[in-house]
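Quick note, the sequences are listed as chains C and R, same order. So in the numbering used here, spot 23 of the first sequence is number 23, and the numbers just go up one at a time. So in the numbering used here, spot 30 of the second sequence is number 1030, and the numbers just go up one at a time. Glycine included, C-beta positions come from ideal geometry on N, C-alpha and C. Only a predicted model underlies this, so the values are computations on that prediction, with no experimental measurement involved.
Number of protein chains: 2
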Amino acid sequence: MTDDRSPSGATAGSPAPPPTTGRSFLDDAVAARGAVGFVAVGDRFDADLRYLTRFEGSEDDHAYVRTPDADVLCAPPGHVARATRQFDGRVASDRPGDHPGERAVAALDASIAGESEGTSESGTADSQTVLVPPSIPHDAAVYLERAGYELRSTTAVADARATKADGELEAIRAVQRAAVGGVRRAERVLAAAERDQSGGLRLDDGALTAERLRRVVNAELARCGVGDAGNTVVVAGSTGDGGTETEPIATDEPVRIDVAPRGPHGYHGFRSRTVVVDSDGGWERRAYVAVEAALEAALDEVESGADADDVRREADAELAAFGFDPTGGERGSAEGDSDPSETGHGVGLSRRERPFLRASETLEVGSVLAVAPGLTDSEHGSVRLGDLVVVTEAGYELLGDGTRSFTPRA
Amino acid sequence: MTDDRSPSGATAGSPAPPPTTGRSFLDDAVAARGAVGFVAVGDRFDADLRYLTRFEGSEDDHAYVRTPDADVLCAPPGHVARATRQFDGRVASDRPGDHPGERAVAALDASIAGESEGTSESGTADSQTVLVPPSIPHDAAVYLERAGYELRSTTAVADARATKADGELEAIRAVQRAAVGGVRRAERVLAAAERDQSGGLRLDDGALTAERLRRVVNAELARCGVGDAGNTVVVAGSTGDGGTETEPIATDEPVRIDVAPRGPHGYHGFRSRTVVVDSDGGWERRAYVAVEAALEAALDEVESGADADDVRREADAELAAFGFDPTGGERGSAEGDSDPSETGHGVGLSRRERPFLRASETLEVGSVLAVAPGLTDSEHGSVRLGDLVVVTEAGYELLGDGTRSFTPRA
């Protein structure tokens, strides 16, 4: 039963408690806009709500309401005990059939009624403005508007999420250990695979396909206690979409492995590596050297205060210096969920979040960034190298080890 | 390397193509409401958009627009090639920075302009009503409203999703094979585990905890090519939240295993089993017998035309007949994502969707239903048995085998 072991070092021991990130920044946003409160509504896939409440959520929409006097999670029926355990504010139970928009209105009304009875010192009691995230569900927004509230959208939560607190970094470090382990596992399997007479890889008397290697990676992630979250991509050569091909991986083609697993408190990791079992020194070798240089150049730009777009520009410039076209359409877009035409992006409760590598974004201490330049060629395949870093006072720190190898290591 | 094999039979061979479910039902809904079209906006977690377009999506919101003359997916930059491969209508590329609401407006405007130039025979050209799902993001709704469109919400997509087409059933059967394999794996590991002197289970010289067993299940699901989707729950005894405990599973406590993995085209499976390694015939044995009877009674109610709430009522009546309180608060709500107080629910692109087991719902041919009664006791733990079925002309058909055993089988 040696295949059911947990690998040593990977998320071993007791899991850390969920990050505590606070919600007082919402009070500042509410005060600055002269609003009466903040409302968010969403389901378990809503990263803003997860950030604010740490409630794992359900398929049913739930609401979070904050005013100077209230800090309430309106939990769906059947989830109140769990919500109470996970959320450190007050939990109100929805009645079955209640819409979370109705519940949010009730919580807002109650809070404002309470405030007006007291000796309110703020001048906001007359205002009926409520801040909401831009993508609040329209039906919930309509409930709020019909109750007399005027909605103003706020990016306060996305802004707060763009730099990570220590507890968040700890969660990301934990899932990143698994990400490193998952990719390393693929490398080992490739190194140990046998080859058939036509240059295809074999494992246990069967063809080693990209899909089979993807399953190997995902099983390793599961053993480490994290979920692949549907984000694992294995591309071998130019075979396109990894999920549909049944051909064995060829010894001379680049094998690109991207992972972005999701760990216990909902935080993602990120890692991208490319290896070639037996390269003939052609396109894949030249591309690898260029992408490696691009990764180093991009990482050199990562520091507090840097323009995020410079990270992308430096990577592109390096690829161009090696004679590649860094803007050649959708590089590698044929491979599942990821968009390898992006040189990088923030990582956290969403697989892909702020900061994005564009001119309007500035890197700050606590920004967590996937830096992952790549090249795709319609004939030869795809090469990508990506690391996860956190911006520090001194520059940046790698999350997970930065080792890489063109030839898979045993 | 025998631990990297794919188990025989589980999603082996070439994956089936994505289900083709058609979108003409939207034209009926649009015509019936005198609207000019239908618009949906969402990200990769939006099951309605997945159903309509089969596009796997991205973190960025994208829009789908349908009018009598248009059938357009507005894909985020960098995802156009993949969207074109996955969606069988027309794909329009968003410009970076465009809001999907803007793109939807542009597609609607273009379609209506084209229609008014032709010899329109319909009387709808004057209407500016647009149908949208109730939870369309508010910012997208505001773009549509500012462009002069009046929004009316429609449940047409949820209604269509509530009964499954053959291709959808094929996808569910595939993921369900993996669900069965994952639970079976846990059973085998429990059967093979050794016991320490104090009645705790051990595996490979380490304690076999609920968390470790959860990882075993998830690794097996990954080997079968499906994702656990964060839905695997293993509860041993009354230790509560499976993820935080480090105690070995005791031989005499019930071990409940719930899985709801997600397969290649986004469809979910469902299975719940409970086993006891070495029962002393106490609460867990009585609860098992009652839950087994409740499952059979509930399944007996499943047929086309049945009131969905009767399925729940029959299960509760059977539990009551065995002397248990079926309405005792949040039964087992301490265990991760699932809500075992629910006797059942529909399963499809969402883990939990229509039909729900309530009075307003009627089962139809093609309804796919998780039927899973359970009992939780604060002292002894949790017992649940759940199968996945599809309603047929003749009654129902089990998806995945219906075998179950109180004692784990080797």
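What's the C-alpha gap between residue i and residue j?
i          : j          : result
Ala308(C)  : Glu59(C)   : 35 Å
Val390(C)  : Leu369(C)  : 6 Å
Gln1176(R) : His1345(R) : 16 Å
Ala1320(R) : Val1371(R) : 17 Å
Glu1364(R) : Gly1263(R) : 24 Å
Gly282(C)  : Arg256(C)  : 16 Å
Gly167(C)  : Ser367(C)  : 14 Å
Thr1376(R) : Arg1384(R) : 8 Å
Gln1128(R) : Leu1151(R) : 9 Å
Glu189(C)  : Ala158(C)  : Per the sequence presented here, residue 189(C) reads as Val, with Glu not at that position. Their Cα atoms are separated by approximately 39 Å.
Gly1266(R) : Asp1061(R) : 18 Å
Gly1225(R) : Val289(C)  : 33 Å
Ala1317(R) : Phe1324(R) : 9 Å
Gly980(R)  : Ala1250(R) : Because residue 980(R) is not part of the residues shown, which for chain R are 1001 to 1410, the question remains open.
Glu284(C)  : Val276(C)  : 8 Å
Gly243(C)  : Thr232(C)  : In this predicted model, Gly243(C) has a pLDDT of only 44, less than 50, meaning its place in the structure is not dependable; the value taken from the coordinates is given anyway. Spanning the two alpha carbons is a distance of roughly 11 Å.
Pro1077(R) : Val235(C)  : 21 Å
Glu140(C)  : Val216(C)  : Contrary to the premise, residue 140(C) reads as Ala rather than Glu in this sequence. When rounded, the distance between both Cα atoms is 42 Å.
Gly395(C)  : Ala315(C)  : 17 Å
Gln1086(R) : Asp28(C)   : 44 Å
Ala1229(R) : Ala1222(R) : 10 Å
His79(C)   : Phe45(C)   : 16 Å
Gly1332(R) : Glu361(C)  : With a pLDDT of 39 at Gly1332(R), under the threshold of 50, the modelled position of this residue cannot be trusted; read the value that follows with caution. Between Gly1332(R) and Glu361(C), the C-alpha separation is close to 45 Å.
Pro1261(R) : Glu220(C)  : 17 Å
Ala1298(R) : Phe1356(R) : 14 Å
Thr67(C)   : Val41(C)   : 15 Å
Gly1374(R) : Arg82(C)   : 17 Å
Is there at least one Cβ from chain R nearer than 7 Å to residue i's Cβ?
i         : result
His138(C) : yes
Ala298(C) : no
Arg215(C) : yes
Tyr149(C) : no
Pro134(C) : yes
Gly348(C) : no
Phe87(C)  : no
Gly227(C) : yes
Glu59(C)  : yes
Arg90(C)  : no
Ala222(C) : yes
Please tell me whether residue i has its Cβ less than 7 Å away from any Cβ of chain C.
i          : result
Gly1381(R) : no
Glu1330(R) : Reliability of the predicted coordinates at Glu1330(R) is poor, the pLDDT of 45 falling under 50, and the value obtained from them is presented with this limitation in mind. Yes, Glu1330(R) counts as interfacial toward chain C.
Asn1218(R) : yes
Pro1248(R) : no
Gly1230(R) : yes
Phe1055(R) : no
Gly1181(R) : no
Asp1159(R) : no
Ala1104(R) : no
Arg1095(R) : no
Phe1406(R) : no
Arg1384(R) : no
Ala1370(R) : no
Could you tell me which residues DSSP puts in a beta bridge with residue i?
i          : result
His345(C)  : Phe356(C), Ala370(C)
Pro1418(R) : Outside the shown range of chain R (1001 to 1410) lies residue 1418(R), about which nothing can therefore be said.
Ser93(C)   : Ala75(C)
Val1041(R) : Ala1063(R)
Thr84(C)   : Looking at the DSSP assignment, Thr84(C) forms no beta bridge with any residue, so it has no partner.
Ala1070(R) : Thr1067(R)
Leu26(C)   : Answer is none; Leu26(C) lacks a bridge partner.
Ser382(C)  : Thr376(C)
Ile1129(R) : Checking the displayed sequence, the identity of residue 1129(R) turns out to be Thr instead of Ile. Glu1150(R), per the DSSP bridge assignment.
Gly400(C)  : The partner list for Gly400(C) (beta bridge, DSSP) is empty, contrary to what the question assumes.
Thr392(C)  : Gly395(C)
Thr1021(R) : DSSP output for Thr1021(R) lists no bridge partner at all.
Three or more C-beta pairs under 8 Å: does that hold for the region 403 to 410 of chain C against the region 1013 to 1033 of chain R?
Contact annotation: the region 403 to 410 of chain C does not touch the region 1013 to 1033 of chain R, with fewer than three C-beta pairs closer than 8 Å.
Mind the definition here: the region 187 to 198 of chain C touches the region 1181 to 1200 of chain R only if three or more C-beta pairs lie below 8 Å; say whether that holds.
no
Secondary structure, beta strand (DSSP E): runs of 3+ residues fully inside the region 1242 to 1293 of chain R:
1255 to 1259, 1271 to 1275
Is the region 17 to 31 of chain C in contact with the region 132 to 143 of chain C, if contact means three or more CB pairs nearer than 8 Å?
The region 17 to 31 of chain C vs the region 132 to 143 of chain C: no contact.
Ignoring anything shorter than 4 residues or poking outside the region 151 to 238 of chain C, list the alpha helix (DSSP H) runs there in chain order.
156 to 161, 166 to 192, 210 to 223
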